[in-house]
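> First to last, the sequence lines map onto chains S and F. Sequential numbering from 1 applies to the first sequence in our numbering. Sequential numbering from 1 applies to the second sequence in our numbering.
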Amino acid sequence: MTDLLTLEGVNKAFGPVHVLHGVNFSVRPGEVVALVGDNGAGKSTLVKSIAGIHPIDSGTIRFNGEVVHLHDPKAASKLGIEVVYQDLALADNLDIVQNMYLGRERGSSWFMDEITMEEEARKTLASLSVRTINSVRQPVSSLSGGQRQIVAIAKSVLWDSKVILLDEPTAALGVAQTKQVLDLVRRLAEQGLGVVLISHNLGDVFEVADRIAVLYLGQLVAQVPTSEVTQNQVVELITSGRSGELGVARLDTASISAL
Amino acid sequence: MSRTTATDSALQSRADFGSDTADKSPSKAFRDYIAKLRAGELGSLPALLGLATLVIVFASASPVFLSLTNLANLLSQSSGRMLIAMGLVFVLLIGEIDVSAGAASGVTAAVLALHYVNNGNLLGGMGEPVFIIFVVLNLVAVGLAIWMKIWAAAVISLIPVAIALIGFTANPWIGMVLAVTVGTSIGTITGFLVAKVRIPSFVITLALFLTWQGVILRLIGDGGVLGINSEPTLRSVANGNLSPVFGWILYAVSVAGFSAVVIGQHLIRRRRHLATSPVIVLVAKVGLLVLLGAAATALLNLNRSQNDNVVISGIPYVVPIVLVLLVAGTYVLNRTRYGRHIYSVGGNAEASRRAGIDVPKIRASVFIVSSSLAAVGAIVYSSKVGSVDPTAGGLNTLLFAVGAAVIGGTSLFGGRGRLSNAVIGGLVLAVVENGLGLLNQPAAIVAIVTGLVLALAAAVDALSRRRSTKF
Chain S
1 MTDLLTLEGV NKAFGPVHVL HGVNFSVRPG EVVALVGDNG AGKSTLVKSI
51 AGIHPIDSGT IRFNGEVVHL HDPKAASKLG IEVVYQDLAL ADNLDIVQNM
101 YLGRERGSSW FMDEITMEEE ARKTLASLSV RTINSVRQPV SSLSGGQRQI
151 VAIAKSVLWD SKVILLDEPT AALGVAQTKQ VLDLVRRLAE QGLGVVLISH
201 NLGDVFEVAD RIAVLYLGQL VAQVPTSEVT QNQVVELITS GRSGELGVAR
251 LDTASISAL
Chain F
1 MSRTTATDSA LQSRADFGSD TADKSPSKAF RDYIAKLRAG ELGSLPALLG
51 LATLVIVFAS ASPVFLSLTN LANLLSQSSG RMLIAMGLVF VLLIGEIDVS
101 AGAASGVTAA VLALHYVNNG NLLGGMGEPV FIIFVVLNLV AVGLAIWMKI
151 WAAAVISLIP VAIALIGFTA NPWIGMVLAV TVGTSIGTIT GFLVAKVRIP
201 SFVITLALFL TWQGVILRLI GDGGVLGINS EPTLRSVANG NLSPVFGWIL
251 YAVSVAGFSA VVIGQHLIRR RRHLATSPVI VLVAKVGLLV LLGAAATALL
301 NLNRSQNDNV VISGIPYVVP IVLVLLVAGT YVLNRTRYGR HIYSVGGNAE
351 ASRRAGIDVP KIRASVFIVS SSLAAVGAIV YSSKVGSVDP TAGGLNTLLF
401 AVGAAVIGGT SLFGGRGRLS NAVIGGLVLA VVENGLGLLN QPAAIVAIVT
451 GLVLALAAAV DALSRRRSTK F
């Protein structure tokens with residue numbers, strides 16, 4: 001399978017703090033890749049680099065095989081890279097349709113095409129098999145946490161997106177809601193999108209991810225199919241950067257720790 | 001560009017959303033409405049109930065209250081503040097406040113009166129230094145508007161400069177244009193200070209409130225009064241009436257327009273298989289407007305003069321003025337992208353920014369709308385009084401306007417409200433003031449009752465907000 005998005009030797013530093021060290025990372029269409037790592041491992045920075053919020057210092061990013069320069073969020077969203085942030089970007093007082101189309105309303109600026117927006121929002125939600133929402137015209141404030149997350153994700157699907165980055169989508173959810181969201185994540189991949197799932201919850205990761213990429217102190221130490229690793233191995237990779245044959249060599253780890 | 005699978009037909013998607021399919025039954029619509037109320041979406045309901053209660057109380061306590069003269073008077077007395085309140089709704093929607101709107105309206109009234117009294121010679125009326133500052137400030141507003149890329153405001157703010165420099169002779173229409181455009185300039189400056197400099201709106205508008213009061217005093221002079229009563233057009237803005245024939249034309253146009261929009265919307269939504277409210281609700285809405293409108297028009301077209309030699313009849317001009325601005329403003333808020341973005345900035349500024357909306361521009365623009373509408377309000381209340389004095393737009397003008405918006409159901413926390421709230425809330429306050437006055441209650445009682453009504457409205461707002469945000 002060809003990669004949709006490929007990062008090769010990506011480096012990023014904020015002043016003297018070197019956050020990403022030569023990261024190689026790839027996203028494939030129709031696949032959920034989980035990005036895991038301890039706090040401060042560089043997950044958010046990596047996502048923000050892909051989203052164009054923090055442009056990379058060196059290295060290459062390829063999209064569909066072609067080298068691209070993601071200098072700003074617009075460049076990323078133009079390619080079809082959408083990020084769903086943890087603190088959902090939804091306006092409580094607007095309804096689901098209005099939120100899904102916020103900033104990209106259909107119709108002319110002097111007369112929005114409400115009816116087309118409503119139809120398409122519904123089709124999108126239906127195509128993702130979202131069945132827990134009663135009406136697309138209810139305000140977001142009346143939705144549960146899981147439903148809000150689903151709306152936020154569906155919003156990103158609406159825009160011919162190719163790669164969707166989900167930042168801790170299940171962090172604040174209950175069991176049933178987590179399941180709904182994870183089902184939705186699976187369906188995104190089934191529709192041929194490349195999905196990057198950032199999560200602290202290894203249970204979630206093992207449930208939906210096809211591959212797991214582990215970041216350790218800014219290095220991508222492993223990128224393995226989920227079926228080939230155990231939870232214990234992943235925990236080891238997250239905490240020490242290595243696990244048996246996987247991960248960085250011991251010497252390397254020591255030198256990074258010394259930084 | 002929605003991602004739809006081939007198997008997903010319109011029917012398929014219809015089946016997924018219980019509430020979104022085809023016609024709602026009346027009972028379902030009623031249950032939905034109750035659910036909405038329980039969720040804290042009260043809208044204008046408390047204000048309408050309050051208004052009905054007040055009307056019943058005052059009608060039974062005072063025989064004069066429901067007299068035609070009093071009702072017509074009520075409309076023309078309250079409409080100035082109502083217009084200022086309508087402007088404030090825009091500001092309240094993004095969760096800010098414009099304390100200076102009343103005083104700003106006073107400045108526009110003073111400029112209008114100066115222009116009329118000095119026969120268009122603003123230089124003579126203001127004196128050279130003030131005149132130069134006036135022109136420069138308007139040019140500054142033009143520059144700021146260009147900087148903020150609000151082109152309409154840039155063009156409009158040029159108009160007072162042109163009028164001042166060309167020096168047209170006094171003409172009521174030019175005077176009114178002058179007042180509104182000066183309002184636009186003032187709003188541009190306020191908007192810039194709030195949106196770009198990021199001074200909290202309460203503080204900067206409080207400062208401007210004091211400043212504008214000083215400006216009014218400087219323009220009119222201590223103890224001065226500028227009469228505009230002698231100009232027939234300016235006088236009749238708030239005191240004139242439509243002829244009975246035009247009254248019926250206004251009625252016909254309103255009813256036809258409302259029905260066309262409501263029924264058209266219903267038919268289009270039904271054809272596209274979207275949820276529609278039950279036909280009976282539709283019929284009730286249109287029917288209510290037909291009957292109430294006809295009754296009001298017929299009553300106001302009766303002769304209400306107490307003097308046998310004079311005939312006073314017809315719908316006061318202020319009614320179409322408020323109506324046209326209400327319809328236009330509601331359209332902007334509900335149907336245009338700009339309106340949608342005002343709501344989204346009020347609901348979640350960060351989400352709006354991420355959605356690519358120019359948040360500072362939206363923030364600045366609502367102050368421009370507010371001050372411009374406040375200027376229209378100034379024209380109406382100055383016309384009602386017949387003169388402009390240094391207290392114009394001062395005293396309680398602003399507080400009444402904010403009160404009207406909040407009583408009508410606009411949230412002080414931003415994001416929720418409609419223009420009609422300002423009209424309904426304005427009527428509540430006007431009825432309280434007028435009714436207590438008819439009952440010969442002293443000013444102390446009027447003030448206390450008005451204050452309590454406002455406190456009640458603010459409490460309802462806070463409680464319903466608490467309800468709607470919990471989940």
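Just so you know, even glycine gets a beta-carbon here, dropped at the ideal spot from N, CA and C. Because the structure is a prediction, the values reported are computed rather than measured.
Under 9 Å, CB to CB, which of the residues in the segment 93-116 of chain S have a partner in chain F?
ASN93, LEU94, GLN98, ASN99, TYR101, LEU102, GLY103, ARG104, GLU105, GLY107, SER108, SER109, TRP110, PHE111, MET112, GLU114, ILE115 and THR116
> In chain order, which alpha helix (DSSP H) runs of at least 4 residues are fully inside the segment 16-76 of chain F?
26-38 and 45-61
> Counting only runs of 4+ residues fully inside the segment 18-89 of chain S, write out the alpha helix (DSSP H) ranges in chain order.
43-50 and 73-79
> Could you work out which residues of chain F lie near S:GLY89, taking near to mean beta carbons separated by less than 8 Å?
Correcting the residue identity first, residue 89 of chain S is Ala in this sequence and not Gly. Result: ASN348, GLU350, ALA351, ARG354 and ALA355.
> For the segment 159-176 of chain S, enumerate the residues whose C-beta is nearer than 7 Å to any C-beta of chain F, in chain order.
Cβ contacts with chain F come from TRP159 and ASP160.
> So is the beta-carbon of F:GLY347 under 7 Å away from any non-hydrogen atom of the ligand ADP?
Ligands are entirely absent from the displayed structure, and the ligand ADP is therefore not among its contents.
> Identify, in the order they occur along the chain, each residue of the same chain with its Cβ nearer than 8 Å to the Cβ of S:LEU270, setting aside the five sequence neighbours on each side.
With chain S represented from 1 up to 259, any question about residue 270 of chain S goes unanswered, as that position is not in the structure.
> Only counting the same chain, and skipping five residues up and downstream in sequence, which positions put a Cβ closer than 8 Å to that of F:ALA458?
VAL406 and LEU412
> Compare the beta carbon distance of F:GLY102 and F:GLY394 with 8 Å and say whether it is the shorter of the two.
yes
> Below 7 Å CB to CB, which residues in the same chain sit around F:PHE367 once its five sequence neighbours on both sides are set aside?
VAL91, ASP98, GLY187, THR190, GLY191 and VAL194
> Determine the chain F residues that contact S:GLU118 at a beta-carbon separation under 7 Å, and present them in chain order.
LEU274
> What residues in the segment 48-64 of chain S have a beta carbon less than 8 Å from any beta carbon of chain F?
Those residues of the segment 48-64 of chain S that come within reach of chain F (Cβ to Cβ, closer than 8 Å) do not exist; the list is empty.
> Hey, could you find the ends of the beta strand (DSSP E) S:ILE198 is sitting in?
Start and end: 194-198.
> Which chain S residues sit within Cβ distance under 7 Å of F:ALA39?
SER142
> According to DSSP, is S:MET112 part of a helix, a strand, or is it coil?
Residue state for S:MET112 is assigned as strand, using DSSP reduced to three classes.
> May I have the straight-line CA-CA distance separating F:ALA207 from F:GLU350, to the nearest angstrom?
28 Å
> Have a look at F:SER185 and F:GLY339 and give me their C-alpha separation to the nearest angstrom.
21 Å
> Kindly list, in the order they appear in chain S, the residues whose Cβ is closer than 9 Å to that of F:GLY43.
Near F:GLY43 there are no residues of chain S at all, since even the closest Cβ is about 12 Å away, more than 9 Å.
> With distance defined between alpha-carbon atoms, name the residue in S:ILE150, S:ASP183 and S:GLY9 nearest to S:TYR85.
S:ILE150
> Whole-angstrom Cβ separation of F:LEU93 and S:GLU118, contact assumed at under 8 Å?
So it is not a contact: roughly 23 Å between Cβ atoms.
> Using CA coordinates, which residue listed in F:THR330, F:GLY87 and F:VAL107 is at the minimum distance from F:LEU210?
Taking only the C-alpha atoms, the option nearest F:LEU210 is F:VAL107.
> Using beta carbons (cut-off 8 Å, strictly below), is F:ILE94 in contact with chain S?
no
> By the 10 Å Cβ neighbour count, where 16 or more other Cβ atoms means buried, how is S:THR239 classified, buried or exposed?
Flag for S:THR239 reads exposed.
> Out of F:THR181, F:HIS341 and F:ASN171, which one is the CA nearest neighbour of F:SER230?
F:ASN171
> CA-CA distance, F:PRO244 and F:SER44?
31 Å
> Taking only runs of the beta strand (DSSP E) that begin and end inside the segment 87-154 of chain F, which ones reach a length of at least 3 residues, in chain order?
none
> Determine the direct distance from the alpha carbon of F:LEU88 to that of F:GLY425, and round the result to whole angstroms.
12 Å
> Strictly under 8 Å for the Cβ-Cβ distance: is F:GLY415 near chain S by that measure?
yes
> Based on Cα-Cα distance, which residue from S:VAL83, S:GLU66, S:LEU220 and S:THR45 lies nearest to F:ALA355?
S:VAL83
> Shorter than 8 Å from the beta carbon of S:SER243 to some beta carbon of chain F?
no
> Taking only beta-carbon positions, decide if F:TYR338 is within less than 8 Å of chain S.
yes
> Could you run through the segment 155-171 of chain F and flag, in chain order, every residue whose CB is less than 8 Å away from some CB of chain S?
none
> What's the call for S:THR2, buried or exposed, on a 16-neighbour Cβ count within 10 Å?
Around the Cβ of S:THR2, a 10 Å sphere holds fewer than 16 other Cβ atoms; the residue is exposed.
> Quick one: residues in its chain with C-beta nearer than 6 Å to the C-beta of S:VAL10, no 5 flanking neighbours on either side, listed in chain order?
LEU20, VAL23, ILE56 and GLY59
> 8 Å is my cut-off, CB to CB: does F:ILE268 come that close to chain S?
With 8 Å as the cut-off, F:ILE268 counts as an interface residue toward chain S.
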